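Novice: The structure that follows is given in the form of structure tokens.
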């Protein structure tokens with residue numbers, strides 16, 4: 292019975308250490324997420340329409356996460372509609388070709404459908420140079436074929452100061468908790484009453 296009583300305070304200290312490890316792990320995971328992000332821009336609720344055009348029987352809308360793409364891997368989401376009826380077309384073959392300011396080309400790359408957004412034609416393109424890129428979207432469907440051309444600016448990525456501030460706040464919150472936890476663990480090791488039990 293006495294051995295169980297001596298373990299209770301140690302168990303409390305171990306729980307505090309576990310909490311500290313968890314907080315430290317979360318902080319480290321958040322930091323790694325920020326630093327190791329591959330730079331792929333994703334289709335989401337805050338997408339921006341970067342191009343809308345009509346050619347032949349199709350109207351095409353191209354969306355990205357921001358009005359200007361950043362150097363690296365860019366994600367574009369494309370909507371294809373019948374020009375006359377505005378009906379969404381989900382069975383076309385859509386590909387994208389990008390030509391950079393330095394003459395380098397990417398593609399043509401065939402688009403794919405996400406399960407969550409089957410009406411979007413999604414594509415990931417590596418854009419290695421800064422400046423004005425010229426894009427060509429090719430559509431082949433039941434209504435015929437069409438090619439739409441448009442320019443988009445590619446810039447260097449910008450530091451997200453909101454994310455940096457959030458990380459700094461997380462570190463500033465975790466640091467005092469770590470100090471308190473380490474002190475509690477040291478007190479637990481030095482206190483002979485914890486080893487003998489309080490019976």
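In my numbering, the protein residues as written are 292 to 490.
We treat Cβ as the ideally placed atom computed from N, Cα and C, and that holds for glycine.
Remember, it's a predicted structure, so these values are computed and weren't measured experimentally.
#1: Between the Cα of residue 409 and those of 391, 382, 427, spot the shortest distance and give me the residue it belongs to.
#2: CB residue 384 to CB residue 369, shorter than 8 Å?
#3: Mind checking residue 490: buried by the 16 CB within 10 Å criterion, or exposed?
#4: With the cut-off set at 8 Å, would you say residue 348 and residue 355 are in Cβ contact?
#5: Where residue 420 and residue 432 are concerned, what is the direct C-alpha to C-alpha distance, given to the nearest angstrom?
#6: Just checking my contact of residue 436 with residue 427 at CB under 8 Å: how many whole Å lie between their CB atoms?
#7: Please identify the residue among 402, 448, 406 whose C-alpha is closest to the C-alpha of residue 422.
#8: Residue 373 to residue 386, Cα distance in whole Å?
#9: Going by Cα to Cα distance, which pick from 343, 462, 425 is closest to residue 395?
#10: Let me confirm a value: residue 429 is counted as buried when at least 16 other C-beta atoms fall within 10 Å, else exposed. Which label applies?
#11: Does the distance from the CB of residue 367 to the CB of residue 418 come in under 8 Å?
#12: Can you list, in chain order, the stretches of the beta strand (DSSP E) that have 3 or more residues and sit fully within the segment 356-396?
#13: Is it the case that the Cβ atoms of residue 397 and residue 379 are separated by a distance below 8 Å?
#14: Suppose you measure from the CA of residue 376 to the CA of residue 462; what does that come to, to the nearest Å?
Specialist: Let's see:
#1: Of the listed residues, the one whose Cα sits closest to residue 409 is 382.
#2: Remark: C-beta atoms of residue 384 and residue 369 do not approach each other more closely than 8 Å.
#3: Because residue 490 sits at a pLDDT of 49, beneath the cut-off of 50, its placement in the model cannot be relied upon, and the following sentence gives the value as read from the coordinates. An exposed status is given to residue 490, since fewer than 16 other beta-carbon atoms sit within 10 Å of its beta-carbon.
#4: Cβ distance not < 8 Å, so residue 348 and residue 355 don't count as in contact.
#5: Using only the alpha carbons, I get a separation of about 32 Å.
#6: The C-beta distance from residue 436 to residue 427 rounds to 12 Å, too long to meet the 8 Å contact threshold.
#7: Of the candidates 402, 448, 406, the one whose C-alpha sits nearest the C-alpha of residue 422 is 448.
#8: Those two C-alpha atoms are separated by around 17 Å.
#9: Of the candidates 343, 462, 425, the one whose C-alpha sits nearest the C-alpha of residue 395 is 425.
#10: Under the 10 Å beta carbon count, residue 429 is surrounded by 16 or more other beta carbons and is classified as buried.
#11: No, they are not a contact pair.
#12: The beta strand (DSSP E) runs of length 3 or more contained entirely in the segment 356-396 are, from start to end of the chain, 363-373, 384-390.
#13: For residue 397 and residue 379, no; Cβs fall outside 8 Å.
#14: So the two alpha carbons sit approximately 54 Å from each other.
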